[in-house]
DNA sequence: TCTGCTCGATACCGCTCGGTATCCAATACC
DNA sequence: GGTATTGGATACCGAGCGGTATCGAGCAGA
């Protein structure tokens, strides 16, 4: 049985478009079913294609995952950087705003959190050093450190911890609370993150 | 070809012993290869048995995973509770000691951390409510809340956050920092956790 | 219009997996 | 010591996977 023009009236979409669709579908499907739990065919189907498209655009399933890391983790880095963009408020208010923003972002992207967690696992399992995931992670940490330094300087307060450690703390707290919130949303108030951040930088605030 | 007494000189180990060996092997193999990445045969072989033993002691692979959750998460709960056992030191010193202890525990059990992360993922994916993992988690949280309350009372200081939120914070920080430490050990000093805890409870300490 | 190439669709292969039916040695019981 | 039962070993099945070879429709260039 010859094919009957599977998708639409025989239009051939640009290659870059196919690649993007596959990458987006991979993010969604892998997040929901797990990387091992989802087949290459599942990803392709979710994007409206077949396995052939995947193997034409990516060499293997592992390559697809690698491309996904490159793509999504870079995007995450940008999101993280945007979240620490400055305002002219007090340090405590900025801390609270940042916490709220990150908490909201985590809520809105539960799928991505799940995928993120799995990529993290894979990075750890396959020898932490050298992976793209680890590299991007380090970039993010460096950028956060810089931003923390800048805001502390501008506020003119003595940091309770070295800036690099504050950055680590910030990221760890973000991940830890997101994890906690996924499994028990009621146990983590919306503003907890912000209040803790304000507390750490020495501005308990007036509630 | 009749079997030639596969394991040793035909001794038959007690059932409970086999079950334990399989459970321990499952923890190790699943942690290293992932639950999906490891086959039932892999687990059995690691324990010195074959698939038959697994299906005799557990109904299915899922049941094996469930038993593992029950077994290991309970053990984790006990470890967590032991870690908050009291001393007569100052609140700040206690916080630092707790942080160091949890950090050390995380270092010594990287395999378990990995497995823990995967079980967490599975719990979230299969509808967070009702799973044994979530239940144990809640138990732990309640116990930590109680312990926090007790220590704050004894020290006679006003808590900077409600005890329940402090417990959430403690657990989130523990997981977040462990995560961070797995992927970049150098970026998370040994005593960071302790210092942050001391800071949060209002005792920056000397040094 | 013809031609050569790109790239997704299709069919297929080898392999591994979870799960089951069967078998038989070691134990427990009387 | 004879007998019933327990429980791990073995062989096997169907399903689904990642990956590949091939095909042919659509596009670009002349």
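Protein chains in written order, with my numbering: chain S, 2 to 208; chain C, 2 to 208.
All C-beta atoms, glycine included, are put in the ideal place defined by N, C-alpha and C.
query: Own chain partners of residue 71/S with C-beta closer than 7 Å, once the 5 adjacent residues on each side are dropped; result: 133
query: CB contact flag (residue 115/S, residue 175/S, <8 Å); result: no
query: Residue closest to residue 60/C, alpha-carbon to alpha-carbon, out of 20/C, 48/C and 192/C; result: 20/C
query: Chain-order list of residues whose beta-carbon lies under 8 Å from that of residue 91/C (same chain, five-residue window excluded); result: 156 and 204
query: Whole alpha helix (DSSP H) elements within the stretch 62-119 of chain S, 4-residue minimum; result: 62-84 and 92-109
query: Endpoints, alpha helix (DSSP H) assigned at residue 175/C; result: 164-184
query: Per-residue burial, residue 151/C [other beta carbons within 10 Å of its own, 16 or more giving buried]; result: exposed
query: Within chain S, partners of residue 119/C - CB distance below 8 Å; result: 122
query: Three-pair Cβ contact test at 8 Å for the stretch 183-194 of chain S versus the stretch 185-204 of chain C; result: no
query: Local Cβ density within 10 Å of residue 130/S, reported as buried at 16 or more and exposed below that; result: exposed
query: CB contact check: residue 100/S to chain C, cutoff 8 Å; result: no
query: Residue 171/S and residue 135/S closer than 8 Å at C-beta; result: no
query: Any C-beta of chain C under 8 Å from that of residue 174/S; result: yes
query: Interface partners of residue 51/C on chain S, CB under 8 Å; result: Those do not exist, as residue 51/C stays about 23 Å from chain S at its closest Cβ, beyond 8 Å.
query: Alpha-carbon spacing of residue 6/C relative to residue 55/C, whole angstroms; result: Legend: pLDDT at residue 6/C = 33, less than 50; position of this residue unreliable, no value from coordinates given.
query: Per-residue DSSP class, three states only, for residue 40/C; result: coil
query: Extent of the continuous alpha helix (DSSP H) to which residue 159/S belongs; result: Looking at the DSSP string, residue 159/S is not in any alpha helix (DSSP H), and its letter there is neither H nor E.
query: Beta-carbon proximity of residue 160/C to residue 153/C, cut-off 8 Å; result: yes
query: Inter-stretch contact at 8 Å, needing at least 3 Cβ pairs: the stretch 38-54 of chain C / the stretch 71-83 of chain C; result: no
query: Which of helix, strand or coil DSSP assigns to residue 195/C; result: helix
query: Within chain S, the residues that residue 201/C reaches when beta carbons sit closer than 9 Å; result: 197, 200 and 201
query: Against chain C: residues of the stretch 148-175 of chain S by CB proximity under 8 Å; result: 161, 162, 165, 166, 169, 170, 172, 173, 174 and 175
query: Neighbouring residues, chain C, relative to residue 125/S (Cβ below 7 Å); result: 115, 183 and 184
query: Partner residues on chain C for residue 38/S, Cβ-Cβ distance less than 8 Å; result: 37
query: Alpha carbon of residue 37/C to alpha carbon of residue 89/C, nearest angstrom; result: 46 Å
query: Simplified DSSP assignment, three categories, for residue 1/S; result: The requested residue 1/S is not part of the displayed model; chain S covers only 2 to 208.
query: Alpha-carbon spacing of residue 149/S relative to residue 118/C, whole angstroms; result: 29 Å
query: Buried or exposed by the 16-neighbour rule on C-beta atoms within 10 Å, applied to residue 137/S; result: buried
query: Same chain only: Cβ atoms within 7 Å of residue 95/S, ignoring 5 sequence neighbours per side; result: 88 and 152
query: Residue of 167/C, 35/C and 14/C minimising C-alpha distance to residue 122/C; result: 35/C
query: Under 8 Å by beta carbon: chain S residues contacting residue 177/C; result: 172, 173, 174, 175, 176, 177, 178 and 180
query: Within chain C, the residues that residue 70/S reaches when beta carbons sit closer than 7 Å; result: Simply none; closest approach about 13 Å.
query: heavy atom of the ligand MG below 7 Å from residue 91/S C-beta; result: Ligands in the displayed structure: none, and consequently the ligand MG is not present.
query: Candidates 158/S, 143/S and 183/S: closest to residue 78/S by CA position; result: 143/S
query: Alpha carbon of residue 98/S to alpha carbon of residue 50/C, nearest angstrom; result: 56 Å
query: Cβ-based burial, residue 181/S [other Cβ within 10 Å; buried from 16]; result: buried
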